[in-house]
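Residue numbers (the working numbering): 49 to 265.
Even glycine gets a Cβ: it sits at the ideal position worked out from N, Cα and C.
The structure presented is a predicted model; accordingly, all values stated were derived computationally and were not measured.
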């Protein structure tokens, strides 16, 4: 049986051209992916920078180091709400702290046998939900979006590692939280059927934070 003649030079040239085109296409893909990754990294760094700038203006976090604040910034989750949305509901169990980035929200206390009482209006840079985050307590008030609102939220697990590493953070945070509660406490006492126990607010709060996170004194 006669042997097949070798392929003509044109056939080999076509193959080499095809291979060269494939290599060029792969290189373009690699460069495009690299550019996309670099762009995504730059966007993320800008976003973390914005979060850090916001966190530095929140008095609850002034006790944190720059490294600890950066860790918190990495763990924040974006949470948008439309006007009229209930962001948190009084009595619910939810271990989230919210920081308002844009818009306004109303804090309302809801007595059992009376209409809701407006406690305060929160704006950009302010936060709420800290008691639920740090003590595990049920929500002490309802927060409703007065306008469209954009928030960041943070869960308790993000704080647990910091508090276990540096338990003294709890004391500084308890001072900040205690200074924020008089308005709500006054309204709650006005509708209470029995007076609450005479306990030092900060000492009681610090004890509850330590107990919730299993911190030693």
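Around residue 103, the same chain offers 109, 117, 120, 121 as residues with beta carbons nearer than 7 Å, after the five sequence neighbours per side are excluded. Distance from the CA atom of residue 191 to the CA atom of residue 75, rounded to whole angstroms, is 53 Å. Secondary structure within the region 111–170: the beta strand (DSSP E) runs of 3 or more consecutive residues, fully enclosed, are 125–129, 134–136, 144–150, 153–157, 165–170 (chain order). For residue 224, the enclosing alpha helix (DSSP H) covers residues 217–228.
In the three-state scheme derived from DSSP, where H, G and I count as helix and E and B as strand, residue 201 is classed as strand. Taking a 10 Å sphere around the C-beta of residue 182, we find 16 or more other C-beta atoms and assign the residue as buried. Judged by DSSP in its simplified three-state form, residue 91 adopts helix. Between the region 198–208 and the region 135–149, the count of Cβ pairs shorter than 8 Å is three or higher; the stretches touch.
The C-beta distance from residue 217 to residue 111 rounds to 5 Å, short enough to meet the 8 Å contact threshold. Comparing alpha carbon positions, the residue from 188, 211, 256, 133 closest to residue 198 is 133. The beta carbon of residue 189 sits closer than 7 Å to the beta carbons of 138, 155, 156, 157, 167, 232 from its chain, once the five residues preceding and following it are set aside; these are given in chain order. DSSP places residue 183 in the uninterrupted alpha helix (DSSP H) bounded by 178–183. In the three-state DSSP reduction, residue 251 falls in the helix class (H, G or I). Distances from the alpha-carbon of residue 228 to those of 201, 195, 161, 176 put 176 closest. Take residue 254, set aside five residues on each side of it, and the residues of its chain with a beta-carbon closer than 8 Å to its own are 218, 219, 222, in chain order.
One thing to note: residue 150 has its Cβ within 8 Å of the Cβ of residue 172. Sixteen is the threshold: when 16 or more other Cβ atoms of the shown chains lie within 10 Å of the Cβ of residue 200, as they do, the residue is buried.
Boundaries of the beta strand (DSSP E) around residue 191: 190–193.
Residue 213 counts as exposed, since fewer than 16 other C-beta atoms from the protein chains shown sit within 10 angstroms of its C-beta. The distance from the Cβ of residue 123 to that of residue 210 is about 10 Å, inconsistent with a contact at the 8 Å cut-off. One Cα belongs to residue 92, the other to residue 136, and the distance between them is close to 28 Å.
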